[in-house]
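One structure is given below, encoded as structure tokens.
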Amino acid sequence: YAFINFLSSEDAERFRRVFGNHRFQKVQSRKISSACPAHVQGLDENLKHFDKRAVTHARNEQYRPIVLRGNQRVDFEEAIA
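For the sequence shown, the positions run 281 to 361 when our numbering is used.
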């Protein structure tokens, strides 16, 4: 899964047109991507939502959510503060 916080509805719609029903060629999979609005909207609201989920505190770090600001990865705890 990926939750992308678009800054404009135009960017979100453009992404949906490109990646909705997209098949990624570099991986061996029959899966087709889909893109739709999330039930939780906005970066701050999503951070609050995931702060209370087990996945955020998973032992294996690869399963935890990541937060990017620009090109930089931000620690989840720092992002939510």
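Built from N, CA and C at the ideal position, the CB exists for glycine as well.
Cβ separation of S313 and F299, assumed to be a contact under 8 Å, to the nearest whole Å: For this step, residue 313 is matched to residue 33 along the sequence shown. For this step, residue 299 is matched to residue 19 along the sequence shown. Contact holds; Cβ gap of about 5 Å.
Complete beta strand (DSSP E) runs within the segment 328-361 (minimum length 3 residues, chain order): 347-349 and 352-354
Selection from R353, P345 and N351 that minimises the alpha carbon distance to Y281: The count along the sequence shown starts at 1 and reaches residue 281 at position 1. Checking every option, the nearest Cα to that of Y281 belongs to P345.
Member of R294, E358 and E341 whose CA lies at the smallest distance from the CA of C316: As a working note, residue 316 is residue 36 in the sequence shown. It is R294 whose Cα lies nearest to the Cα of C316.
V347, buried or exposed, once every other Cβ within 10 Å from all chains shown has been counted against 16: Position 67 of the sequence shown, counting from 1, holds the residue named residue 347. Buried, because 16 or more other Cβ atoms sit within 10 Å of the Cβ of V347.
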